[in-house]
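> Here it is, the structure, as structure tokens.
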Amino acid sequence: MSIEKLRPTFTFTEDRLRELQAVIPEAFADGKINWDVLREALGEHLEEENQEHFGLSWPGKREARRLAAMPSKGTLVPQPGEGINEENTHNLFIEGDNLEVLKLLQKSYAGKVKMIYIDPPYNTGNDFVYPDDYSEPLESYLKRTGQIDEAGHLLTTNSQTSGRYHSNWLNLIYPRLLLARTLLNEDGVIFVSIDDNEVHNLRLLFDEIFGAENFIAQFIWEKKYTTSNNISGVSGVHEYITCYGKNLGFLDNSILRLPYTDKARARYSNPDNDFRGDWMDVSYHGPKSPRERPNLNYPIIHPKTKKEIYPLEKSWAYERSVHEQHVNENRLWWGKEFTYSEPRLKKFINEIQGGLIPRTLLPYEEVGGTATGRDDLRKLFGEGEAVFDNPKPVNLIIKLLQMSTLKNSLILDFFAGSGTTAQAIFEINKKDEGNRHFVLVQLPELTENKTYPTIAEICKERIRRTIRKLQTERTNQMNLNTEEYLGFKVLRLDRSHFKDWQPYTENDPAQLGTLFDHFETPLVENWQKQALLTEILLLQGFPLDATMLPCASFLENDVLGIWHDFCAHSLYVCLDEKISAASVEAVNILRPQDVFVCLDSALSDEAKLHLSDRCNLKVI
928 MSIEKLRPTF TFTEDRLREL QAVIPEAFAD GKINWDVLRE ALGEHLEEEN
978 QEHFGLSWPG KREARRLAAM PSKGTLVPQP GEGINEENTH NLFIEGDNLE
1028 VLKLLQKSYA GKVKMIYIDP PYNTGNDFVY PDDYSEPLES YLKRTGQIDE
1078 AGHLLTTNSQ TSGRYHSNWL NLIYPRLLLA RTLLNEDGVI FVSIDDNEVH
1128 NLRLLFDEIF GAENFIAQFI WEKKYTTSNN ISGVSGVHEY ITCYGKNLGF
1178 LDNSILRLPY TDKARARYSN PDNDFRGDWM DVSYHGPKSP RERPNLNYPI
1228 IHPKTKKEIY PLEKSWAYER SVHEQHVNEN RLWWGKEFTY SEPRLKKFIN
1278 EIQGGLIPRT LLPYEEVGGT ATGRDDLRKL FGEGEAVFDN PKPVNLIIKL
1328 LQMSTLKNSL ILDFFAGSGT TAQAIFEINK KDEGNRHFVL VQLPELTENK
1378 TYPTIAEICK ERIRRTIRKL QTERTNQMNL NTEEYLGFKV LRLDRSHFKD
1428 WQPYTENDPA QLGTLFDHFE TPLVENWQKQ ALLTEILLLQ GFPLDATMLP
1478 CASFLENDVL GIWHDFCAHS LYVCLDEKIS AASVEAVNIL RPQDVFVCLD
1528 SALSDEAKLH LSDRCNLKVI
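Under our numbering, the final residue of the sequence shown carries the number 1547; numbering is consecutive throughout.
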């Protein structure tokens, strides 16, 4: 086994290089890329030097990419008492800068998220953008939110006269999408709400990060059905929802399907009492003309007139052998009294797999609009003044969930706003007896509401009120573990518990000695066990909803055993100042692949050797 010093790590760049090395191993030597070999391997796919190429470029792009690869100096600290049913739930609300949070989630949640939905600032000229600091992003966040001083700095308004109007917005979105992609399953899907101001740039950005081949759809959401007569020009009644998959080659056909509605089922009937059940008839013609598809230009015998019928403008949709099979299986429909001049094909409802194919139009009457979103919020908070501007309607997010998730999927929303996504997940779980769970992230952006001083507070309160509402409405038909289903816990972005190493820059031996004294222990002063435990979970790649139980085998120390379905091994953590000899012996219950984490100072050298022989020992 081994002994390893546990330290904060961020391997975003290393992970991407590892993926490249798996595909082109010959281009790597001693951990470095040999550009000449890489060029030879890529061959004709490389652009020539100084050749113009298609893509999106803007001022600050290089720094934004670098920002995505910069390690976070933060961690996530539990906020007990702010959630509901915190011990049993899989749902998480994280208060903090979403860029830093996405970095912290990389190791524990990479490849685990089934669906991402975000509703970022639209860049209308009045939206706030996050003034990312390319040198100290965490410090910038703590200052903005008043955790360092009492200023509580507002975010920066991205006005159209400020210069680099589009660049500021792209610098906000680019690093976040880079990090978000790694969190998706291979068959995962991402939806982004946007309007005309940046939809063109967003598509190009997605093509670069996700690949144009993974584009799924550009949905049009009808946000209102009335015309505004008090504006000049054209009245806008829609917005967009851009949808990409991480890898469409892995996307199952059952995804991107919608459940049958009563309206859809009403299209099916059984006028001829077919033993196969209800059906609907569809056209028997294909898209091409008979001249273009001569093999689909053959005569069909009308069952009543016995005359030969040939296709006119469009050829038949099926080859002759398939048509004959349709005739033998009684799949042609000529009308109830054989009055149709051409056949139509029966499509049986019980033979259609996966559900209805979605349309790119999301009409107001089906999913609601901006007014519906405000009504959804008022029903929870009361009929007084709205606590949030223009929240998305719950039914809109439910529609996206229906077409992209399974009943046990993990959903991420890192521009959570008022928390529509959380309410939609609770509502759809109630409807189909699912157990979807969420991770929501929201910056504590200041509001003018004294009751809810930040948007994060609005979001948390909406989740609480939704849970109470569903608890009241709960019926025996909900075949769910409601203790797990109706709950959430809260975490907050803060500084890491590990000291930040300051490099020695002065020619001063006394300063060097002070630096080493400062790092006699790697942890900051007054660290708390529960908060440090959460950071250990993230560093070890365990999700924040992992099962944690005290280990009865360790009688003289507090040792937590930690398990999660995502992880093949178990994690054991003891943060006591000293670990007894009896506890060292009790480690025999661990498997060789398991990890034991403790303070370095809690073990003697002999105990370290003993532990490292039985498991993977990591010390702080």
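Even glycine gets a Cβ: it sits at the ideal position worked out from N, Cα and C.
By how many angstroms is the C-alpha of L969 removed from the C-alpha of L947?
Position 20 of the sequence shown, counting from 1, holds the residue named residue 947. Position 42 of the sequence shown, counting from 1, holds the residue named residue 969. Roughly 12 Å separates the two Cα atoms.
> Between the stretch 1302-1318 and the stretch 1171-1180, are three or more C-beta pairs nearer than 8 Å?
Contact fails: fewer than three Cβ-Cβ distances are below 8 Å.
> With respect to the beta strand (DSSP E) encompassing S1480, which residues constitute its N-terminal and C-terminal limits?
Stepping through the sequence shown from its first residue, residue 1480 is reached at position 553. Per DSSP, S1480 belongs to no beta strand (DSSP E) and is neither H nor E.
> What do you get for P1007, buried or exposed, if any count of 16 or more other CB atoms within 10 angstroms of its CB means buried?
Looking up residue 1007 in the sequence shown gives position 80. Label assigned to P1007: exposed.
> CB-CB under 7 Å to F1481, same chain, minus the five flanking residues each way: which ones, in chain order?
Numbered from its first residue, the sequence shown carries residue 1481 at position 554. S1510 and A1513, listed in sequence order.
> Kindly indicate which three-state DSSP category D957 falls into: helix, strand or coil?
For this step, residue 957 is matched to residue 30 along the sequence shown. Residue state, collapsed to three classes: coil.
> Just mark W1243 as buried or exposed, buried being the case when its beta carbon has 16 or more other beta carbons within 10 Å.
Translated into positions along the sequence shown, residue 1243 becomes position 316. It is buried - the Cβ of W1243 has at least 16 other Cβ atoms within 10 Å.
> Out of curiosity, what's the CA-to-CA distance linking K1306 and T1332?
To locate residue 1306, count along the sequence shown from 1; it is residue 379. To locate residue 1332, count along the sequence shown from 1; it is residue 405. Distance between the alpha carbons of K1306 and T1332 is about 27 Å.
> With DSSP as the reference, label G970 as helix, strand or coil.
Mapped onto the sequence shown, residue 970 falls at position 43. Here G970 sits in helix by DSSP.
> Give me the Cβ distance between I1158 and F1118, rounded to the nearest whole Å; I'm assuming they're in contact under 8 Å.
Locating residue 1158 in the sequence shown gives position 231, counting from the first residue. Locating residue 1118 in the sequence shown gives position 191, counting from the first residue. Not quite, the Cβ-Cβ distance comes to about 28 Å (not below 8 Å), so this is no contact.
> From I930, R1091, N961 and A1343, pick the residue whose C-alpha is nearest to that of L944; which is it?
Within the sequence shown, the letter at position 17 stands for residue 944. Taking only the C-alpha atoms, the option nearest L944 is N961.
> Who are the Cβ neighbours of I1355 in its own chain at under 6 Å, not counting the five residues just before and after it?
Start at 1 with the first residue of the sequence shown, and residue 1355 comes out as number 428. Cβ within range, chain order: I1325 and L1328.
> Taking only heavy atoms of the ligand NAD into account, decide whether any of them is closer than 7 Å to the Cβ of G1309.
Inclusion of the ligand NAD in the displayed structure is not the case, the ligand content being empty and no account of it being possible.
> Would you mind working out which of K1233, W1260, I1227 and Y1237 sits nearest D1208, comparing C-alpha positions?
Locating residue 1208 in the sequence shown gives position 281, counting from the first residue. Among K1233, W1260, I1227 and Y1237, the Cα nearest to that of D1208 belongs to W1260.
> Comparing alpha-carbon positions, which option in R1258, H1212, V1254 and R934 lies nearest Y1237?
Residue mapping note: residue 1237 aligns to position 310 of the sequence shown, counting from 1. Selected option, being the one with the closest Cα: H1212.
> With a Cβ-Cβ cutoff of 8 Å, do A996 and T940 count as a contact?
Here the question's residue 996 lines up with position 69 in the sequence shown. Here the question's residue 940 lines up with position 13 in the sequence shown. Yes, the Cβ-Cβ distance between A996 and T940 is below 8 Å.
> Does the stretch 1296-1305 touch the stretch 1222-1234, meaning 3 or more C-beta pairs lie closer than 8 Å?
No, the stretch 1222-1234 is not in contact with the stretch 1296-1305.
> Please classify D1179 as buried or exposed, where buried requires at least 16 neighbouring CB atoms within 10 angstroms.
Looking up residue 1179 in the sequence shown gives position 252. D1179 is exposed by the Cβ-count criterion.
> In the DSSP assignment, find the alpha helix (DSSP H) that holds Q1457 and state where it starts and stops.
Position 530 of the sequence shown, counting from 1, holds the residue named residue 1457. Element bounds for Q1457: K1456 to L1466.
> In chain order, what residues of the same chain lie with their CB nearer than 7 Å to the CB of S1531, ignoring the 5 residues before and after it?
Along the sequence shown, read from residue 1 onward, the residue named residue 1531 stands at position 604. None.
> In angstroms, rounded to a whole number, what distance separates the CA positions of C1501 and L1487?
Position 574 of the sequence shown, counting from 1, holds the residue named residue 1501. Position 560 of the sequence shown, counting from 1, holds the residue named residue 1487. Rounded to the nearest angstrom, the two C-alpha atoms are 7 Å apart.
> Quick check: what's the CA-CA separation for L1464 versus Q1252?
The residue you call residue 1464 lines up with position 537 of the sequence shown. The residue you call residue 1252 lines up with position 325 of the sequence shown. Distance between the alpha carbons of L1464 and Q1252 is about 60 Å.
> In or out: N1200 buried (at least 16 other Cβ within 10 Å) or exposed?
Stepping through the sequence shown from its first residue, residue 1200 is reached at position 273. When all chains shown are included, N1200 counts as exposed.
> Where does I1125 land, buried or exposed, given buried means 16+ other C-beta within 10 angstroms?
The residue given as residue 1125 occupies position 198 in the sequence shown. Rather than Ile, the amino acid found at residue 1125 in this sequence is Glu. Per the 10 Å Cβ criterion, buried.
> Does the distance from the C-beta atom of L1029 to that of A1107 stay below 8 Å?
Walking along the sequence shown from the start, residue 1029 turns up at place 102. Walking along the sequence shown from the start, residue 1107 turns up at place 180. Result yes, Cβ atoms of L1029 and A1107 sit closer than 8 Å.
> Note down, one range per segment and in chain order, each alpha helix (DSSP H) of at least 4 residues found wholly within the stretch 1318-1405.
Here the runs fully enclosed are 1321-1331, 1347-1359 and 1382-1400.
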